[in-house]
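In this text, residue positions in the sequence shown follow UniProt numbering: the first is 1, and each later residue adds one.
Each residue gets a CB set at the ideal place from its N, CA and C atoms; glycine is no exception.
These numbers come from a predicted model, not from an experiment.
See below for the structure under consideration.
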Amino acid sequence: MHTPEVRQEHGPIQNSESQPTGSHDPVCGMTVSNDSQFSTEYEGQNYRFCSQKCQTTFRAAPERYRISQLKIEQIPQTTAEPLTGAAEYTCPMHPEIRQIGPGVCPKCGMTLEAVIPDLEEDENPELKDFTRRFWWTLPLTVIVTVLAMGGHALVLFHGTTQNWVELGLATPVVLWAGWPFYVRGVRSVIQRSPNMWTLIGLGTAAAFLYSVVATLTPDVFPSNFMMEGRIGVYFEAAAVIISLTLLGQMLELKARSQTSAAIKSLLGLAPKTARRINADGTEEDIPLTHVHSGDTLRVRPGEKVPVDGQVLQGESAVDESMLTGEPIPIMKRAGDALIGATLNIHGSLVMQAQKIGSATLLAQIVQMVVQAQRSKAPMQRLADVIASYFVIVVIAIAALTLLGWGLWGPEPSWVFGLINAVAVMIIACPCALGLATPMSVMVATGKAAGSGVLFRDAAAIENLRKIDILIVDKTGTLTEGRPAFHSVEAVPGFTQDEVLRLAASLDQGSEHPLAHAIVEQARAAGLKLVTPETFESASGIGVSGQVEGRRLMLGNTALMQEAGVSTESLQEHAEKLRGDGTSIMYLAVDGALAGLLAVADPIKPTTKLAVERLQADGVKVIMATGDGLTTARSVARQLGIEEVHGEVKPQDKERLVASLQQAGHRVAMAGDGINDAPALARADVGIAMGTGTDVAMNSAQVTLVKGDLLGILRARSLSVATVRNMHQNLTFAFLYNAMGIPLAAGLFFPLTGHLLSPLIAALAMSVSSASVVFNALRLRQASID
């Protein structure tokens, strides 16, 4: 295999154009100064690095880390500024549309918006542009409208002179203020994706061009088109439609900017600097982008924790409410975990940085919220199908309106036909239909994140309200997940210390909370642990491996039965311990039982209340755990859970979920461990504890940051409120078009004697889209506690 040539340079980089000022290390993403001594040239481009370690890593696999201006998929180290300025943009109506840099959606013509909003951007550039066009041309629109409505009464002009004056006033409005609309309308035709701009462009262009022809060559029109000595023109209709469309877009853009407020507030949580303690004991404030994993940092009172890590020294209360929704500050001592962006209230803490940049909890929360906000709800599918044919149908209706009025309407019939056709195209805006669910999803996911609930996609929001069965794991879900060692029992031929030492030596390779309790107890007892020669996890029922040449197995009864190890000699003692709510693990040495270890895991304070409220809401709670059945029943009895499955394997949990689904139930699964991942993925809604493993969170659709079951109640309440909001938006959008199009076409003229002016149609069109967004924003005030 050919290895790409990588040439190393020493000293400052000579070619400053190869990599821009303020560039980032391609390996870790940190900001690199222009005079960095670590640089490498690869394929004619210079790269700078923050350290020799990153430089060496790059040289080993340059293609993997090569900077691409077209693909930037990681959250920046500060989570608040783009890596290279080439941010990713998407369409609020069609989240599947993605591109690097700003632009216009090829499907609906909407201006794309940044996937992750820019905190430094004071105002949306499009909003600024539309505002300028609107205010500069509004006086012209007002004047031309006044002239059209009452110019003849004021006897300011005679005959065709008024038409020429209106042409001069309306032209800047239509051609300059409305230019972005025509560009999008033409693009929609070229790309064969008709949208609202197709309708607006056709409608205003028809009214304006008809009026221009009537002004320049009035003789080509029949005499019945003549009114008060001139051909009737509709410059004011075209101008007012453009102005009202600009106004509607301004209102919509302002409202849409509020839907990303949650992301901006999360991004704003990250501190800009950290105080690093150097090896010689000196301290210095450094940019957050310069923090490395393993650095020792000081967090002073009133400061934010810079990154995720662990307390080394000190004691203080830390407010984590901004990420977990927990209002009460939590005391942190040596050995406790710290979450970046949380607030240190009092006392000084010395911490070790463990996770930085996109690996921090804050960055992961931002990623999950962004992913959820840009997903499409299943409810939107019907609206998408309708919208795909909507514009074609509207144009056809407008054409029929023109012909119908022209052939059979009262004189001047073709004028009435043209105006009604324009009204049809203007009032039939598909935006309200397209924005109905995306806006609700964006607001809901932002609100949920502020309460410690992270939705992976819109489908989870829509489906969570439907669940009628919740399957829960025990350890780490119902209980604290931080078990404390209880006791050890040995069979003849082994001592209690020997059983504990062997079990702890084997468990050093396990990440399970029960294993941590055993290892900590052995170390506290001063027992000398050895590194296992081999280690293997036995699918959620235990572990096995080789220690000091002996084959060890440590796990529940199911593991012992699989291995053919009899546990009868300790059965009575184990049942007594399980009755006290402890978890039992048997230790087998070379195929024979050596003893058992008991670990107690207290129930979370909020679990009982959460279970009671879920059951009151009609949700049946079932426990499925790998622990012994007696222990599981003891915990279930305290919580009021009637159905319990003990000593189940991961595949058993998945089969349980599948069987309940086949019986017609909507099933949610809540868990925190690797062994819960198959069931989480199988469930209609998988709910992971944020305090659990990454595998569990990656398999679930909902993550509870705090790992508290009360979060499920908050998530369900928000699900109900969001779906209700979606229904309101979709109902409004359908009714608006169902009533507006016939009204604009003049079908009610025989009954009312009135026609819908294109001006009123333009106002209704603008208000419809903005009203959908404002209705979605009401979710921010929804009560979900």
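Cβ-Cβ distances below 6 Å link I356 to V291, S293, V307 in the same chain, with the five nearest sequence neighbours on each side left out; the list follows chain order. Between V424 and I392, the beta carbon gap of about 13 Å keeps them out of contact (Cβ cut-off 8 Å).
Separation of the CB atoms of P483 and L514 is rounded to 5 Å, and the pair is thereby assigned contact status at 8 Å. Pairwise C-beta distances place the region 631-639 out of contact with the region 435-447, as fewer than three of them are shorter than 8 Å.
Distance from T557 to G626 at the Cβ level is roughly 10 Å; contact not present, criterion being Cβ atoms closer than 8 Å. Per DSSP, the continuous alpha helix (DSSP H) segment holding N729 begins and ends at 710-745. Assigned with DSSP and collapsed to three states, E315 falls in coil, not helix or strand. For F208, same chain residues with a beta-carbon under 6 Å away, outside a window of 5 residues either side, are V174, A238 in chain order. G302 counts as exposed, since fewer than 16 other beta carbons sit within 10 angstroms of its beta carbon. Y586 has G555, L596 as its beta-bridge partners, per DSSP. Its chain contains F416 as the residues whose beta carbon lies nearer than 8 Å to that of P410, once the 5 sequence neighbours on both sides are disregarded; these appear in chain order. When the beta-carbon positions are compared, V443 and R780 come within less than 7 Å of each other. If you draw a 10 Å sphere on the C-beta of Q521, you find 16 or more other C-beta atoms in it, and that means buried. Counting other Cβ atoms within 10 Å of its Cβ, R550 stays below 16 and is therefore classed as exposed. Judged by DSSP secondary structure, K608 falls within the alpha helix (DSSP H) whose first and last residues are 607-616. In terms of CA proximity to D676, R655 leads the group S659, R655, Q662, H665. Secondary structure note for M196: its alpha helix (DSSP H) is the uninterrupted segment 196-216. For K528, the number of other beta carbons within 10 angstroms of its own is below 16, and it is reported as exposed. A distance below 7 Å separates the beta carbons of I461 and S719. Note that the region 264-280 does not touch the region 308-321; fewer than 3 beta-carbon pairs, one per stretch, sit closer than 8 Å.
Excluding its 5 nearest sequence neighbours in each direction, L140 has C-beta neighbours in its own chain below 8 Å: L169, A170, P172, V173, A239, listed in chain order. Looking at the DSSP output, P287 bridges to T273. Under the DSSP assignment, T40 falls in the beta strand (DSSP E) whose first and last residues are 38-42. DSSP places H94 in no alpha helix (DSSP H); its state is neither H nor E. The residue among A616, Y182, V499, G452 with its C-alpha nearest the C-alpha of I784 is G452. In this structure A428 touches I741 by the C-beta definition: roughly 5 Å separates them, less than 8 Å. By the CB criterion at 7 Å, L349 and A503 fall outside the cutoff.
Rounded to the nearest angstrom, the gap between the Cα atoms of P95 and I116 is 13 Å.
G248 is positioned such that its CB atom lies closer than 7 Å to that of A770.
Residue pairing by DSSP places K304 opposite L343 in a beta bridge.
In this chain, the alpha helix (DSSP H) harbouring V189 covers 179-190. Of the residues C108, E236, Y234, the one whose Cα lies closest to the Cα of P194 is C108. With the rule of 3 Cβ pairs closer than 8 Å, the region 700-713 counts as touching the region 598-615. Taking one beta carbon from each stretch, the region 468-476 and the region 719-728 have fewer than 3 pairs nearer than 8 Å; the two do not touch.
Where F455 is concerned, the enclosing beta strand (DSSP E) starts and stops at 453-455.
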